[in-house]
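Sequential numbering from -9 applies to the sequence shown in my numbering. Ideal placement from N, C-alpha and C gives every residue a C-beta, glycine not left out. In this text the structure is predicted, and so the values were computed from the model without any measurement. I have placed the structure first, in the form of structure tokens, so that the comments after it can refer back to it.
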Amino acid sequence: MDWLSELLRRLWMLMRRKQFDADLKEEMRLHLELREQEQIQTGLSPREARQAASRRFGNATVLKQKSHMAWGWDWLESFVHDIAYGSRAMLRSPALTTVALLSLALGIGANTAIFSLLDAVMLRSLPVRDPAKLILLGKGNISGITGDFARTELYSYPFYRQMRGENQVFSDTAAICSMTNDVHGFVEGRTESEPMNVQLVSGTYFTTLGVRAFVGRTLNDADDNSEGDHPVAVISYAWWKRSLAQDPNVLNRKLKLGATTYNIIGVAPPEFFGTKVGEAPDMWVPLSMVKEVPPHYGGYKDNFSESLLIMARLKPGISISEATSNVNLLFRQILLGFPDAELSQENMQKLDRTKVPLTPMATGLSALRRQFSEPLQILMAVVALVLLIACANIANLLLARSTSRSRELAVRQALGARRTRIIRQLITESLLLALAGGVLGVALASVANRLVLRMASGGLDTIPLDVSIDTRLLLFTLAVTIATALIFGTIPAFRGTRLQLTDTLKAGRGPQGTSGKNPLAKALVISQVALSLVLMVGAGLFLRSLVNLNNVDIGFNKENVLRLEIDSSSAGYTPGEPREVALNQQIEERV
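What follows is the structure in structure tokens.
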């Protein structure tokens, strides 16, 4: 592996650069001494011999540079020098550097913050095994309980069992209650209740997703076979950490939801939040316990009590079109096979028209996606405009600085520096500036994300979205940073090095004169004004819409109005019983 040995050799030379230079200097000195001795032996004087040896040996500086090129990476060394020079240039212009860094931090930070939200809501795959193989029957657009014939969004538990057993295209199938249950439960040993978000799922939920327990085990099909007989729960890692302080004996703990006590059988892995983006259940309970979990929904065995979403994993080699054909065939057969099916002419016509679509579920389900996808895309376009304005502003500043540096650049070109070399150095300076702004932007984005989530939540609880800084976000920020550096750095670099050396050295400034007389600078100012105008008009329209919405007459006085929800089931009350009615009346009278 010659390339590997070559790589190691060059890296070793870079790490021992000073030692290499010292060894090279000593070796060159020995060569000169040997040649000098040879010349003395031919009859030359020591002075003449030294001069002759030096002529034959050649330019020591050139030989040293060739040795560096042979043993190291000349471009890398030049890049390091450019970074050092650029750092000093930034320190020499503190005002320009400060303005540029603030502009970049705001522009890159805003783009990073909005992209992290966009990524979390729309782009990121579920943290499960091979998410591309997951599909959903229907589109998952609604939640609740229906009893309609031939619905394609929600399904009954008997329908799910038959679909799972009779299909030929899925390696496994799972059912998820379309609603999460917000209840007040008790941890065994505690006297105060606490809010718990409970997700009812089939016993095949975790195996279909390919998710293994972090502690203990997950639900299995046996937990879901008989109604009300398996009071078990898998808790989330976040709830285990928040409520149980990561108790190592968690598998011996119990929970009380309503009148039923549940055994904790496992803890989900840290990265797993469920299958609904923007919702993070505290625990998962078998569907067979649906009547025991407040608010005690019924209809577990009813053929047309439809409240479930059905998720499945495609078998290897099966396409979505093949699966769609098989599912639609079974959909008709299963519904017609239910003994209590209403086979009226209207229902049969509806069944003939109905087709079950299969929706890819790699990125999970999300009401947030339907609600915020368009606003997030608009925001992404807005912050991109903000970044372009920042780029135009910084490009103008760099053009002005290139005017003051024109004599310096002219001297370097006069001394033999190639124009491409100087352009590379100026772009490196821009990249260094952009990277510093990018670092500040990431820090700003991490703070902005939390504020945006809190504002979007509209309540005390923040929407559970993972917007932490990860590899994807850092790669996006790096790409934006490099693109930004090229946008605002390339034009000033090419413009600033286009010099008439004689005139510049005589006059002490570049031919472009002041930035006010520079057509390019004027164009940048015009672009800034145009982009800013677009943003101002958009902001004005948004504020006007906001004011109009705030002034809408909703039919009652909305000042000092609060909504109160009471979960009496945690205290053993059954919904609708006389005791609960009396309790609600007493609370209303006292409030």
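I believe residue i touches residue j by the beta-carbon criterion, under 8 Å. Please report the beta-carbon distance rounded to the nearest angstrom.
{"i": "ALA164", "j": "TYR147", "result": "Actually they are not in contact, since the Cβ atoms of ALA164 and TYR147 sit about 12 Å apart, beyond 8 Å."}
{"i": "VAL205", "j": "VAL240", "result": "6 Å"}
{"i": "ARG359", "j": "MET112", "result": "6 Å"}
{"i": "SER278", "j": "ASP214", "result": "5 Å"}
{"i": "LEU190", "j": "VAL283", "result": "7 Å"}
{"i": "MET153", "j": "LEU348", "result": "The Cβ separation is near 12 Å, so there is no contact."}
{"i": "MET273", "j": "ALA223", "result": "5 Å"}
{"i": "ARG582", "j": "LEU86", "result": "Outside the modelled stretch of the chain, which goes from -9 to 581, sits residue 582, for which no answer is possible."}
{"i": "LEU377", "j": "THR474", "result": "7 Å"}
{"i": "LEU299", "j": "LEU126", "result": "7 Å"}
{"i": "LEU441", "j": "THR452", "result": "Incorrect: roughly 10 Å between the Cβ atoms, too far for contact."}
{"i": "LEU40", "j": "GLU26", "result": "Leu is not the amino acid found at residue 40; the sequence shown has Arg there. With 8 Å as the limit, ARG40 and GLU26 qualify as a contact, their Cβ atoms being about 5 Å apart."}
Could you tell me the alpha carbon to alpha carbon distance between residue i and residue j, rounded to whole angstroms?
{"i": "SER297", "j": "SER334", "result": "23 Å"}
{"i": "PRO181", "j": "ALA249", "result": "Here residue 181 turns out to be Thr, not Pro, going by the sequence shown. Whole-angstrom Cα-Cα distance: 15 Å."}
{"i": "HIS220", "j": "ASN242", "result": "16 Å"}
{"i": "LEU124", "j": "LEU387", "result": "52 Å"}
{"i": "PHE263", "j": "GLN323", "result": "35 Å"}
{"i": "GLY128", "j": "TYR150", "result": "13 Å"}
{"i": "LEU399", "j": "LEU476", "result": "20 Å"}
{"i": "PRO260", "j": "THR194", "result": "20 Å"}
{"i": "ARG569", "j": "GLN575", "result": "10 Å"}
{"i": "LEU199", "j": "GLY288", "result": "27 Å"}
{"i": "ALA140", "j": "ALA331", "result": "10 Å"}
{"i": "ALA103", "j": "ALA438", "result": "7 Å"}
{"i": "PRO454", "j": "LYS266", "result": "10 Å"}
{"i": "GLN361", "j": "GLY268", "result": "11 Å"}
{"i": "THR142", "j": "ASN318", "result": "10 Å"}
{"i": "ALA357", "j": "SER363", "result": "10 Å"}
{"i": "THR251", "j": "GLN367", "result": "46 Å"}
{"i": "VAL201", "j": "VAL457", "result": "22 Å"}
{"i": "ALA43", "j": "LEU34", "result": "11 Å"}
{"i": "GLN339", "j": "LYS291", "result": "26 Å"}
{"i": "GLN502", "j": "ARG485", "result": "Confidence at GLN502 is low in this model, with a pLDDT of 46, below 50, so its placement is unreliable and the value that follows should be read with caution. Looking at the two C-alpha atoms, the distance is approximately 9 Å."}
{"i": "SER505", "j": "ALA374", "result": "Note on SER505: pLDDT 44, under 50, position unreliable in the model; the coordinate value appears next. About 26 Å."}
{"i": "LEU586", "j": "LEU91", "result": "Nothing about residue 586 can be reported from this structure: the residues present for the chain run from -9 to 581 only."}
{"i": "PRO271", "j": "ASP460", "result": "23 Å"}
{"i": "GLU184", "j": "VAL173", "result": "8 Å"}
{"i": "GLY500", "j": "THR410", "result": "With a pLDDT of 43 at GLY500, under the threshold of 50, the modelled position of this residue cannot be trusted; read the value that follows with caution. Taking the straight line joining both Cα atoms gives about 18 Å."}
{"i": "ASN131", "j": "ILE577", "result": "36 Å"}
{"i": "PRO84", "j": "ARG462", "result": "33 Å"}
{"i": "GLY155", "j": "ILE225", "result": "28 Å"}
{"i": "VAL551", "j": "MET445", "result": "20 Å"}
{"i": "MET186", "j": "ALA95", "result": "39 Å"}
{"i": "LEU245", "j": "SER216", "result": "20 Å"}
{"i": "LYS231", "j": "ALA435", "result": "26 Å"}
{"i": "LEU389", "j": "PHE466", "result": "28 Å"}
{"i": "ARG395", "j": "VAL470", "result": "28 Å"}
Would you say the beta carbon of residue i comes nearer than 7 Å to a heavy atom of the ligand SAH?
{"i": "SER192", "result": "Of the ligands one can find in the structure shown there are none, so the ligand SAH has no counterpart to examine."}
Name the residue from the options whose alpha carbon lies nearest to the alpha carbon of residue i.
{"i": "SER68", "options": "ILE412, LEU199, LYS281, GLY327", "result": "ILE412"}
{"i": "GLN236", "options": "ALA258, ASN253, ARG440, LEU92", "result": "ALA258"}
{"i": "ILE472", "options": "ALA424, SER93, HIS21", "result": "ALA424"}
{"i": "SER315", "options": "PRO329, PHE294, VAL346", "result": "VAL346"}
{"i": "PHE105", "options": "VAL571, ILE481, LEU468, ARG78", "result": "LEU468"}
{"i": "ASN293", "options": "GLN29, PRO276, LEU326", "result": "LEU326"}
{"i": "ASN383", "options": "ALA79, PRO482, THR32, MET80", "result": "PRO482"}
{"i": "PHE478", "options": "ARG488, ARG395, ILE379", "result": "ILE379"}
{"i": "PRO285", "options": "ASN171, LEU377, SER216, LYS246", "result": "ASN171"}
{"i": "LEU234", "options": "THR344, ALA203, ILE254, SER216", "result": "ILE254"}
{"i": "ALA79", "options": "VAL571, LEU422, ILE225, ALA435", "result": "LEU422"}
{"i": "ALA582", "options": "LEU144, MET18, GLY155, VAL118", "result": "In this structure the chain extends from -9 to 581, so residue 582 is not present and cannot be described."}
{"i": "PRO365", "options": "PRO276, LEU107, LYS244", "result": "LEU107"}
{"i": "TYR145", "options": "LYS281, VAL571, THR487, SER192", "result": "SER192"}
{"i": "ARG414", "options": "LEU20, PRO329, THR487", "result": "THR487"}
{"i": "GLY601", "options": "ILE30, VAL280, LEU247, PHE196", "result": "The requested residue 601 is not part of the displayed model; the chain covers only -9 to 581."}
(request) Kindly confirm or deny that the stretch 418 to 438 and the stretch 64 to 83 touch, where touching means at least three C-beta pairs closer than 8 Å. (result) yes
(message) For the structure I just gave you, are there three or more beta carbon pairs, one from the stretch 303 to 313 and one from the stretch 151 to 164, closer than 8 Å?
(response) yes
(request) Give, in chain order, every unbroken run of the alpha helix (DSSP H) that is at least 4 residues long and sits entirely within the stretch 117 to 146. (result) none
(request) May I ask you to verify whether the stretch 166 to 179 touches the stretch 309 to 319, counting CB pairs closer than 8 Å and requiring at least 3? (result) no
(message) For the structure I just gave you, are there three or more beta carbon pairs, one from the stretch 200 to 213 and one from the stretch 131 to 138, closer than 8 Å?
(response) Two segments are said to touch when three or more pairs of C-beta atoms, one from each, lie closer than 8 Å; by this definition the stretch 200 to 213 does not touch the stretch 131 to 138.
(request) Decide yes or no for the touch test of the stretch 95 to 112 against the stretch 429 to 448: beta carbon pairs closer than 8 Å, at least 3 of them. (result) yes
(message) At 3 residues or longer, what runs of the beta strand (DSSP E) sit wholly inside the stretch 150 to 220?
(response) Taking only runs of at least 3 residues, the beta strand (DSSP E) segments lying wholly in the stretch 150 to 220 are 160 to 167, 171 to 177, 184 to 191.
(message) For the stretch 334 to 353 against the stretch 104 to 123, do three or more pairs of beta-carbon atoms, one drawn from each stretch, fall closer than 8 Å, so that the two count as touching?
(response) yes
(request) Would you list, in sequence order, the uninterrupted alpha helix (DSSP H) runs of no fewer than 4 residues that lie entirely inside the stretch 224 to 250? (result) 227 to 233
(request) Give, in chain order, every unbroken run of the alpha helix (DSSP H) that is at least 4 residues long and sits entirely within the stretch 25 to 49. (result) Entirely contained in the stretch 25 to 49, the alpha helix (DSSP H) runs reaching 4 residues are, in chain order, 36 to 47.
(request) Jot down the residue ranges of each uninterrupted alpha helix (DSSP H) in the stretch 254 to 339, minimum 4 residues, whole runs only, in chain order. (result) 310 to 327
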